[in-house]
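I have placed the structure first, in the form of structure tokens, so that the comments after it can refer back to it.
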Amino acid sequence: MKSTNEFIAAAEKVRRAGGHFFTFDGIEYRIHDEPNGSIRVESSYTEEQWAREVAEAEAIRLAEQVRDGTITQDQADAYLREVEGLMRRSKPPA
């Protein structure tokens, strides 16, 4: 993991070049101009992306369990519906 100073330097460099997006430590960020002349940087990683990745990972894990007979397809489907409901009420990690 890189330092905060490196992160700030990367954001400032991209902004000076006229850019609004940059990747740092494998995460994409968007730069927003503030009215006072400063910049605000936030992750471009959306809640929808996070929810989709969690659901895909769970589906893969459950498919393996269905194949090896640990659970039935009905159990896997019920669990995925439960996860989907939880994801709608949750937020991605900060």
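All residue numbers for the sequence shown refer to numbering that gives the first Met the number 0, where the first residue is 0 and numbers rise by one. Positions of the beta carbon are idealized from the N, C-alpha and C atoms, including for glycine.
Inset, instruction - Could I get the ranges of all uninterrupted beta strand (DSSP E) runs contained in the segment 8-44, with 3 residues as the minimum, in chain order? - result: Counting whole runs of 3 or more residues, the segment 8-44 contains the beta strand (DSSP E) stretches 20-23, 26-32 and 38-42.
Legend entry - Residues near histidine 19 by beta carbon distance below 7 Å, same chain, minus five either side: As a first step, residue 19 is located in the sequence shown; it is residue number 20 there, counting from the start. Excluding positions up to five away in sequence, the list reads Arg29 and Ile30.
Legend entry - Buried or exposed by the 16-neighbour rule on C-beta atoms within 10 Å, applied to leucine 85: For the purposes of this step, residue 85 is identified with residue 86 of the sequence shown, where counting begins at 1. A residue is called buried when at least 16 other Cβ atoms come within 10 angstroms of its Cβ; leucine 85 does not meet this threshold and is exposed.
Inset, instruction - Give a yes or no on whether the C-beta atoms belonging to alanine 54 and valine 82 are separated by under 8 Å. - result: To locate residue 54, count along the sequence shown from 1; it is residue 55. To locate residue 82, count along the sequence shown from 1; it is residue 83. Cβ atoms of alanine 54 and valine 82: closer than 8 Å.
Inset, instruction - Using beta-carbon positions only, say whether glutamate 94 and serine 37 come within less than 8 Å of one another. - result: Missing from the structure shown is residue 94; the chain here goes from 0 to 93 and no further.
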